[in-house]
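So the structure is just underneath, and the comments pick up after that.
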Amino acid sequence: MLQAFTAGQVRSAEEPLLAAGQGAALMQKAAHGLFAVAAGMLRDSGGLYGRTVVVLAGGGNNGGDALYAAARLARRGMGATAIALSERIHPDALAVFTAAGGRLERLTADNTDALAARCAAADLIIDGVLGTGASGALRGPVANLIDAVNAKAGPRGDRRPQVLACDGPSGVDLDSGRIEGPVLRADATATFGAAKAGLLTGAGALAAGELNVIDIGLGLSNGAAPAPAIRRLELADAAALYRRPRTADHKYTRGVLGIAAGSEQYPGAAVLATGAALATGIGMVRYLGPRSVGALINSVHPEAVCSTGGVAEARSQAWLVGPGAVGDPEQARRARDAITSGLPVVVDAGALAEVPRTVGPQVILTPHAGELVAFLGGRGRPVTRDAIEASPAEYALETARLTGATVLLKGYTTVTAAPSGEVFSQADATPWLATAGSGDTLAGILGALAAAAAGDGPAAARAGVPEGAKWAAVAAAAALIHGRAGQRAARRGPVIVSDLPGEIGAVVAGLLAVPD
Ligand SMILES: NC(=O)C1=CN([C@@H]2O[C@H](COP(=O)(O)OP(=O)(O)OC[C@H]3O[C@@H](n4cnc5c(N)ncnc54)[C@H](OP(=O)(O)O)[C@@H]3O)[C@@H](O)[C@H]2O)[C@@H](O)CC1
Ligand SMILES: [K+]
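Just so you know, we're using the working numbering here: the sequence shown kicks off at 38 and counts up by one.
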């Protein structure tokens, strides 16, 4: 599991080592890791010798790390320039950099454009402006320089230089992921000691590019470490959460998922959710809804048990309500009954409007940003879509605390939050999954996992997450399965959501291949 901490938590972990006189050694470990990532990027794009690197060097230790790394690149035959962004630059690192042949330029009032052109012409820019010592958005002449570099170098994708962020892209709030001023979007980030929370969610996750965590021995993964601000499940964690079929199982012990989804108007959502749930692995799907929708489901999935009855008569371990259930009062009633049943229930799409003021963490809300705007607005908390997308972890957590529910907020990173405070952020998806029906599929996967987890007491402990975070972890596992299924499908071309169940099965097979 990837664990991410706030800048403050990382600085606290550094303190005893700094007090013990190990600051310089820590910086060397950081610089070595940064160099290794830079060298990897350059080797993949033509090698090191004869190429050029520009370091944006701020006045703190972040600039020091970047200068030491660039000195190593200079010693391997690269043309290296440092742009000093502050009167005082880390003196020891600067001395090593110039001794290795690096050139120093200083940002002044009238050379911003010339230095930006220098950056735009380089093969690699190392962003060592600032790291965990940042306060607020980039300001002053540095902000102007970053704006000018962005204007000259073009957006990521069609510009010449690759950008490597030292500890994090400068200008990203390393706790929330929010970006309030200019930022140089990175192709990759080397982050030291532990991932920073703001690199895993929101605008920060987009700006960070590929994340490389460099272990510098801060002890943030040992038992005495503070709880991480954000977690990210990896394959082995999702495998630990997944309830494997056992020898003595029958269909009821494996989990029955009741689905009240779809309507005369939107029958397809129910078919997609049912197919995804079956592919994820479950004892049975009981479908409740219009007869015509049930018939359609059975024409594709004859194993689903379909009826037009109510929630109370349909024994299930968990419920999924909402997808495609539009303009159908009976589906709305089933949604209300499921939400108040005390069973785990995935509440998607239109059913979000049926959630009472407070519920329990077994109620899992699955809005996208637009739906969350409406949901929070209806509870007297006006917020914009932009604000949610810039800092999704914050709003997912606020919603979880406000309602008592678990929240899965869909987006570029899918964030899940438990009312007890734990947050997960998954980045498994592909943009090809941003297509109609994708959310119905995610809801089906999550419904199946929830039904299996309902009777699976040790699930959270197996994955090493606090019991209070069980449903948030299960929701994160659903996002992982959905995202990876999408990635598999995208290898063959644009994703057609009806094809996803086959890929979901393959991803689950991958989970089962992880040793117990
Ligand atoms: N400590 C350790 O053990 C280790 C730390 N390590 C490294 O140190 C980094 C932390 O270093 P740090 O504490 O020196 O702060 P840092 O992030 O360089 O920034 C401070 C500078 O930024 C400036 N500044 C601030 N906000 C600004 C803004 N909005 N806009 C513009 N400028 C702004 C501020 O200037 P000021 O305004 O205060 O004059 C000051 O000069 C950490 O991220 C990691 O890379 C590694 O080597 C491993 C060991
Ligand atoms: K930086």
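We put the CB at the ideal spot given by N, CA and C, even for glycine. Quick caveat: nothing in here was measured; it's all calculated off a predicted structure.
For this session: Determine the contact status of L255 and T226, defining contact as a CB-CB distance below 9 Å.
Result: The count along the sequence shown starts at 1 and reaches residue 255 at position 218. The count along the sequence shown starts at 1 and reaches residue 226 at position 189. No, the pair does not count as a contact, with Cβ atoms beyond the cut-off.
For this session: With DSSP as the reference, label R155 as helix, strand or coil.
Result: As a first step, residue 155 is located in the sequence shown; it is residue number 118 there, counting from the start. In the structure shown, R155 sits in a helix (DSSP, three-state: H, G or I).
Exercise. Would you call the segment 376–387 and the segment 315–322 in contact, with 3 or more CB pairs under 8 Å?
Worked result: Flag = no, the segment 376–387 and the segment 315–322 do not touch.
Exercise. Less than 9 Å separating the beta-carbons of S82 and D164?
Worked result: The residue given as residue 82 occupies position 45 in the sequence shown. The residue given as residue 164 occupies position 127 in the sequence shown. Not in contact: S82 and D164 (Cβ atoms no closer than 9 Å).
Exercise. Cα separation between A355 and A487?
Worked result: Indexing the sequence shown from 1 puts residue 355 at position 318. Indexing the sequence shown from 1 puts residue 487 at position 450. About 6 Å.
For this session: Counting only the same chain and skipping the five closest in sequence on each side, list residues whose C-beta sits under 6 Å from that of G415.
Result: Here residue 415 is taken as the residue at index 378 of the sequence shown, counted from 1. Correct list: empty, nothing qualifies.
Problem set entry | K66 CB to nearest heavy atom of ligand 1 below 8 Å | Along the sequence shown, one-based indexing puts residue 66 at 29. Yes, Cβ of K66 sits closer than 8 Å to a heavy atom of ligand 1.
For this session: For N259, count neighbouring C-beta atoms within 10 Å of its own C-beta (all shown protein chains included) and say buried if the count is 16 or more, exposed if not.
Result: In the sequence shown, residue 259 corresponds to position 222, counting from 1. Under this definition N259 is an exposed residue.
Problem set entry | Continuous beta strand (DSSP E) stretch holding L39: start and end | The residue you call residue 39 lines up with position 2 of the sequence shown. 39–42 is the span of the beta strand (DSSP E), which, as asked, contains L39.
Exercise. Where in the segment 459–500 do unbroken runs of the beta strand (DSSP E), each at least 3 residues long, occur, reported from the N-terminal end onward?
Worked result: 460–463
For this session: Have a look at E350, R48, T453 and flag the residue whose alpha-carbon is nearest the alpha-carbon of A406.
Result: For the purposes of this step, residue 406 is identified with residue 369 of the sequence shown, where counting begins at 1. Minimum Cα distance to A406 is reached at T453.
Problem set entry | Contact shell at 7 Å, judged by CB to any heavy atom of ligand 2, ordered along the chain | N99, D164, G165, V166, L167, G168, A202, C203, D204, G205, P206, S207
Exercise. Of all the options A202, L237, A232, L175, which has the alpha carbon lying nearest to the alpha carbon of G11?
Worked result: Nothing can be reported for residue 11: it is not among the residues displayed for the chain, which extend from 38 to 553.
Exercise. Can you tell me where the alpha helix (DSSP H) with T284 in it begins and where it stops?
Worked result: Along the sequence shown, one-based indexing puts residue 284 at 247. That residue, T284, is in no alpha helix (DSSP H); it is neither H nor E in DSSP.
For this session: Would you mind giving the Cβ-Cβ distance between A244 and P206, rounded to the nearest angstrom? I have them listed as a contact below 8 Å.
Result: Counted from its first residue, the sequence shown places residue 244 at position 207. Counted from its first residue, the sequence shown places residue 206 at position 169. Yes, A244 and P206 are in contact; Cβ-Cβ is about 4 Å, under 8 Å.
Exercise. Where does Q302 sit, in a helix, a strand or coil, going by DSSP?
Worked result: On the sequence shown, position 265 is the one that residue 302 refers to. Reduced to three states, the DSSP call for Q302 is coil.
For this session: Check whether the Cβ atoms of L278 and V551 sit closer than 9 Å, and answer yes or no.
Result: Here residue 278 corresponds to residue number 241 of the sequence shown, with the count starting at 1. Here residue 551 corresponds to residue number 514 of the sequence shown, with the count starting at 1. No.
Exercise. Regarding I216 and ligand 1, is the C-beta to nearest heavy atom distance less than 8 Å?
Worked result: For the purposes of this step, residue 216 is taken as the residue at position 179 of the sequence shown. It does not: the Cβ of I216 is nowhere closer than 8 Å to a heavy atom of ligand 1.
Exercise. Does at least one heavy atom of ligand 1 sit under 8 Å from the Cβ of V179?
Worked result: What you label residue 179 is simply residue 142 of the sequence shown in a count that begins at 1. At least one heavy atom of ligand 1 is nearer than 8 Å to the Cβ of V179, so yes.
Exercise. Does the Cβ of F229 lie closer than 8 Å to at least one heavy atom of ligand 1?
Worked result: For the purposes of this step, residue 229 is taken as the residue at position 192 of the sequence shown. Indeed, a heavy atom of ligand 1 lies less than 8 Å from the Cβ.
Problem set entry | Cβ distance (whole Å) where R125 is taken to contact G96 below 8 Å | Locating residue 125 in the sequence shown gives position 88, counting from the first residue. Locating residue 96 in the sequence shown gives position 59, counting from the first residue. Yes, they are in contact, since the Cβ atoms of R125 and G96 sit about 5 Å apart, within 8 Å.
Exercise. Heavy atom of ligand 1 less than 8 Å from the Cβ of E271, yes or no?
Worked result: By 1-based counting over the sequence shown, the position of residue 271 is 234. E271: no, Cβ never under 8 Å from ligand 1.
For this session: Could you pull the start and end residues of the beta strand (DSSP E) that I401 belongs to?
Result: Against the sequence shown, residue 401 aligns to sequence position 364. Taken as a continuous stretch (DSSP letters only), the beta strand (DSSP E) holding I401 covers 400–402.
Exercise. Which runs of the beta strand (DSSP E), 3 residues or longer, sit entirely within the segment 45–132?
Worked result: Fully enclosed beta strand (DSSP E) runs of 3 or longer: 89–94, 116–121.
For this session: In angstroms with no decimal places, state the Cα-to-Cα distance between V400 and L201.
Result: Taking the first residue of the sequence shown as position 1, residue 400 is located at position 363. Taking the first residue of the sequence shown as position 1, residue 201 is located at position 164. Each residue's Cα considered, the two are about 41 Å apart.
Exercise. What residues match up with W356 in a beta bridge as DSSP calls it?
Worked result: Residue mapping note: residue 356 aligns to position 319 of the sequence shown, counting from 1. According to DSSP, W356 bridges with G295, V382.
Exercise. When the distance is taken between beta carbons, is A132 closer than 9 Å to I162?
Worked result: Residue numbering aside, residue 162 sits at position 125 when the sequence shown is read from its first letter. Residue numbering aside, residue 132 sits at position 95 when the sequence shown is read from its first letter. Taking 9 Å as the cut-off, the Cβ atoms of I162 and A132 do not count as close.
Exercise. Pick from D102, A351, R291: whose alpha carbon is nearest that of A68?
Worked result: Position 31 of the sequence shown, counting from 1, holds the residue named residue 68. Here the closest residue by C-alpha is D102.
Exercise. So what does DSSP say about D536, is it helix, strand or coil?
Worked result: As a position in the sequence shown, residue 536 is number 499, starting the count at 1. Helix.
For this session: Just tell me which of E350, D210, A516 has its CA closest to the CA of A466.
Result: As a first step, residue 466 is located in the sequence shown; it is residue number 429 there, counting from the start. Out of E350, D210, A516, A516 has the C-alpha closest to the C-alpha of A466.
For this session: Please find out if some non-hydrogen atom of ligand 1 comes closer than 8 Å to the beta-carbon of L55.
Result: Position 18 of the sequence shown, counted from the first residue, corresponds to residue 55. Yes, ligand 1 has a heavy atom inside 8 Å of this Cβ.
Exercise. Would D477 pass as a contact of P360 if the rule is Cβ separation under 9 Å?
Worked result: Translated into positions along the sequence shown, residue 477 becomes position 440. Translated into positions along the sequence shown, residue 360 becomes position 323. Taking 9 Å as the cut-off, the beta carbon of D477 is found closer than this to the beta carbon of P360.
Exercise. Is S123 near ligand 1, judged by its Cβ being under 8 Å from some heavy atom?
Worked result: Looking up residue 123 in the sequence shown gives position 86. S123: yes, Cβ under 8 Å from ligand 1.
Problem set entry | Beta-carbon proximity check, L182 vs L141, cutoff 9 Å | Working through the sequence shown from its first residue, we reach residue 182 at position 145. Working through the sequence shown from its first residue, we reach residue 141 at position 104. No, the pair does not count as a contact, with Cβ atoms beyond the cut-off.
Exercise. Quick one, which of L93, T169, R88 has its alpha-carbon nearest R48's?
Worked result: Locating residue 48 in the sequence shown gives position 11, counting from the first residue. The candidate whose alpha carbon is nearest that of R48 is T169.
Exercise. For H287, is the classification buried or exposed, using 16 other Cβ atoms within 10 angstroms of its Cβ as the cut-off for buried?
Worked result: The residue given as residue 287 occupies position 250 in the sequence shown. So H287 ends up on the exposed side.
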